[in-house]
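Here is the structure we will look at.
Residue numbers (the numbering used here), protein chains in the order written: chain A, 1 to 492; chain B, 493 to 614; chain C, 615 to 742.
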């Protein structure tokens, strides 16, 4: 038993075991439960780093559950692309949890916090498994775990708005899952395989013999993943859900959960569907145009909001559309841009939601118009908000510029300069709704009116870590883009 | 005509697709929340029906090794997949129903349109 | 059904559901106190987490015995003749754990939904 060989499974099992233990321990000793969660997340991050080193040294690695070879067994894959996504997921989960330990005492009832820890760890475990799995039905199971737990971390707060928003999210998510399962059934009908590699081989023949099944399955996959990842016309659940959730849940949902579905769509487009299908059907075109509309509509709706968290949620819709634009442009540099944006937006949006959470924790204000002059009483939190806004807009020095740069380069290379215009216009619209908050916070004439509580050191340190990450992804971006470029070249 | 013949021959698939459409339509348009949950179950069950129908082999027997190891068995893989799928659907239904109980306590109604009106007035 | 899970249709899920429903039926047909005497809250929570932990740890045990996660033959669990009672190594252990977990989950769900009705209190309507 070499431990390094078992890493893919251990990264999924560690949060899972932590999730089962956390409520038991919380009953006896509350702080120990928090430390247990921290420990399991830390172990996952360490194991993910080891896995990255191993994959860089030895190449892609296939892990078979139960020693059953595919197609009879479930297979997990570790190649540079998936390990990148895995590292993003577990590292940012650990970081958000640092914020959550303090903030949860304030937002939830004492008795449910143990269950929140369990839900959080289950969510991390399911996302880690989704990044690495190579089997369609395993993907379905973990997608369902992710859907239920992400809905549960919204409704654990038991407010009126949380419950309704959570129910809407659950129903639309269930529709997405139904469509996904139907697509899997249609593909299984013509190929008899569920493993990605085998499926791709069989599909090259199946597209010619049974084209209708495969086209319907492709359409159903786009609808399913579009609903869960808030692609343009299917985004209606996102603003209520992310705005009414407790702040760590909002950070987790906006930062990671919607990205994991975009990533799954990307993997399915390039690892399951054969190249002939992507060339014959305008699948990428559809995703591209929906993404372009999403970018514009997300920004336009965000401008009209008065509540801080709702504005951030609408901004998420626009930014996730960037990632879909990268998938839709179907070109090397654009794909690198889209994938880089997954990491950048995860860090930035999590930090923005954490800053909003810190503002609500300290003062209780949620409306943007009440926030004049707040920068003078809470400087650190608002500086973090400023750095996050700069990254959303795409100011040089932050990570947001690098991803938009690559997207624009990719669009130009295939001659679709209209989408460069869309990217630039959305950056302008982002500036229109982020900058007034920052300017009013620091340079407004009025003084801030409400009582300000002290923000705990843990929250402040989490925000400082976020700012450091944003600047690192902006300036020292070359290692990550090199990793992504070599990961993406495999598909072309 | 051959389409009709094909439909009648494969009527399992046809019924599964019709149930799927009924379930999805009800889930999205009807206002009563419990109806939505029931429709979600119908939708999931229809896909399971499709899966199991795919695995059927003409003249096969249930896939349990008995006295005659050379007999023709139906494909056991879809059955195993569906067992997992049913458990997943049951957990989603359980969660949705407990959520409805909480919403009823908070809003006083199980009708989604009324809840939207109440939210709109806030 | 649970214990014969590897020999005939059924297995952990359906067996556990039947077991859990029987405990719920006691609560429905008599009153809630009689139902709660069958299995208390603490026990149900403990069994729930314990069942899930047992399931995960069985897979880990397979790793320690030399195979991959959840390996059966490769890890050296004792396999018997096909059709005998003590055969198919790890599947029996996993089935028992799943049965315990599903049964305790169904009872916990039932009691959580029913018992809150007796606790007075409404949802706070706050906008923190």
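By construction, the Cβ of each residue, glycine as well, lies at the ideal position given by its N, Cα and C atoms.
**Report entry** Buried or exposed by the 16-neighbour rule on C-beta atoms within 10 Å, applied to residue 322 (chain A)
**Finding:** buried
Report task. Determine the direct distance from the alpha carbon of residue 218 (chain A) to that of residue 171 (chain A), and round the result to whole angstroms. Result -> 22 Å
**Report entry** Where residue 725 (chain C) falls, given that 16 or more other Cβ within 10 Å makes a residue buried
**Finding:** Under this definition residue 725 (chain C) is a buried residue.
Requested in this report: Starting from residue 506 (chain B), trace the alpha helix (DSSP H) both ways and give me its first and last residue.
Outcome: 503 to 521
**Report entry** Residue-chain proximity (residue 677 (chain C), chain A), Cβ-Cβ < 8 Å
**Finding:** Cβ-Cβ to chain A under 8 Å: yes for residue 677 (chain C).
Query raised in the report: Of all Cβ atoms in chain A, is any one closer than 8 Å to the Cβ of residue 736 (chain C)?
Result: The predicted position of residue 736 (chain C) is uncertain, since its pLDDT is 47 and thus under 50; a value taken from the coordinates is nonetheless stated next. Taking Cβ atoms only, chain A never reaches closer than 8 Å to residue 736 (chain C), which makes this a no.
**Report entry** In chain order, each alpha helix (DSSP H) run of at least 4 residues that lies wholly inside the segment 169 to 213 of chain A
**Finding:** 196 to 209
Query raised in the report: Leaving out five residues before and five after residue 497 (chain A) in sequence, what residues of the same chain have Cβ atoms less than 7 Å from its Cβ?
Result: The question about residue 497 (chain A) has no answer here: the residues shown for chain A are numbered 1 through 492.
**Report entry** Nearest candidate by alpha-carbon position, reference residue 248 (chain A), set A:403, A:479, A:99, A:341
**Finding:** A:99
Report task. Spell out whether any CB of chain C is found under 8 Å from the CB atom of residue 194 (chain A). Result -> no
Query raised in the report: Leaving out the 5 sequence neighbours to the left and right, which residues in its chain are closer than 6 Å to residue 16 (chain A) when beta-carbon positions are compared?
Result: 125
Requested in this report: Within the same chain, show all residues whose beta-carbon is closer than 8 Å to that of residue 735 (chain C), passing over the 5 residues directly before and after it, in chain order.
Outcome: Because the pLDDT at residue 735 (chain C) is just 45, under 50, the model does not fix this residue reliably, and the value given afterwards should be weighed accordingly. Here the set comprises nothing.
**Report entry** Short CB-CB distance (under 8 Å) between residue 575 (chain B) and chain C
**Finding:** yes
Requested in this report: Say whether chain C places a C-beta atom closer than 8 Å to the C-beta of residue 545 (chain B).
Outcome: no
Query raised in the report: To the nearest angstrom, how far is it from the Cα of residue 161 (chain A) to the Cα of residue 354 (chain A)?
Result: Roughly 20 Å separates the two Cα atoms.
Query raised in the report: Relative to the C-alpha of residue 544 (chain B), which residue among B:566, B:609, B:582 is closest?
Result: B:566
Query raised in the report: Pairing CB atoms from the segment 314 to 328 of chain A with CB atoms from the segment 359 to 371 of chain A, are three or more of them under 8 Å?
Result: The segment 314 to 328 of chain A, when compared against the segment 359 to 371 of chain A, does not touch it at the 8 Å Cβ threshold.
Report task. Using 10 angstroms around the beta-carbon of residue 163 (chain A), count the other beta-carbons present and answer buried if the total reaches 16, otherwise exposed. Result -> buried
**Report entry** Local conformation of residue 158 (chain A) per DSSP, three classes
**Finding:** coil
Query raised in the report: So residue 258 (chain A) and residue 230 (chain A) are in contact, right, with Cβ under 8 Å, and what is the actual spacing, rounded?
Result: 5 Å
Query raised in the report: Closer than 8 Å, CB to CB, is residue 666 (chain C) near chain A or not?
Result: yes
Query raised in the report: Any idea which residues DSSP pairs residue 367 (chain A) with across the strands?
Result: In the DSSP output, where bridge partners are listed per residue, residue 367 (chain A) has A:307.
Query raised in the report: Between residue 410 (chain A) and the rest of its own chain, which residues show a CB-CB distance below 8 Å, the 5 nearest in sequence each way excluded?
Result: 326, 329, 331, 332, 333, 334, 335, 336, 337
Requested in this report: Could you tell me which chain A residues have their CB closer than 9 Å to the CB of residue 457 (chain B), listed as they occur along the chain?
Outcome: Past the edges of chain B, shown from 493 to 614, lies residue 457 (chain B), and the structure says nothing about it.
Query raised in the report: At what residue ranges does the segment 50 to 92 of chain A contain a whole run of the alpha helix (DSSP H), taking only runs of 4 or more?
Result: Here no run is fully enclosed.
Report task. Give the straight-line distance between the Cα atoms of residue 469 (chain A) and residue 95 (chain A), rounded to the nearest whole angstrom. Result -> For the pair residue 469 (chain A) and residue 95 (chain A), the Cα-to-Cα distance works out to about 11 Å.
Query - Straight-line gap, residue 368 (chain A) to residue 174 (chain A) (C-alpha atoms, nearest Å) - result: Computed Cα separation, rounded: 34 Å.
Query raised in the report: Is it a yes or a no for the segment 188 to 205 of chain A touching the segment 268 to 278 of chain A, going by three-plus beta-carbon pairs under 8 Å?
Result: yes
Query raised in the report: Where does the unbroken alpha helix (DSSP H) through residue 484 (chain A) begin, and where does it stop?
Result: 478 to 488
Report task. Starting from residue 627 (chain C), find everything on chain B with Cβ-Cβ shorter than 7 Å and list it in chain order. Result -> 575, 579
Report task. Measuring alpha carbon to alpha carbon, tell me which of C:715, C:728, C:615, C:720 ends up nearest residue 666 (chain C). Result -> The shortest Cα separation from residue 666 (chain C) among C:715, C:728, C:615, C:720 belongs to C:715.
Query raised in the report: Does DSSP classify residue 553 (chain B) as helix, strand or coil?
Result: strand
Query - Contact set between residue 607 (chain B) and chain A, taken where Cβ atoms lie within less than 7 Å - result: 164
Query raised in the report: If you measure from the beta carbon of residue 594 (chain B) to each beta carbon in chain A, is any gap under 8 Å?
Result: yes
Query raised in the report: Any C-beta of chain B sitting closer than 8 Å to the C-beta of residue 7 (chain A)?
Result: Not closer than 8 Å to any Cβ of chain B, the Cβ of residue 7 (chain A) fails to qualify, so no.
Query raised in the report: Around the C-beta of residue 503 (chain B), are 16 or more other C-beta atoms found within 10 angstroms, so that it is buried, or is it exposed?
Result: exposed
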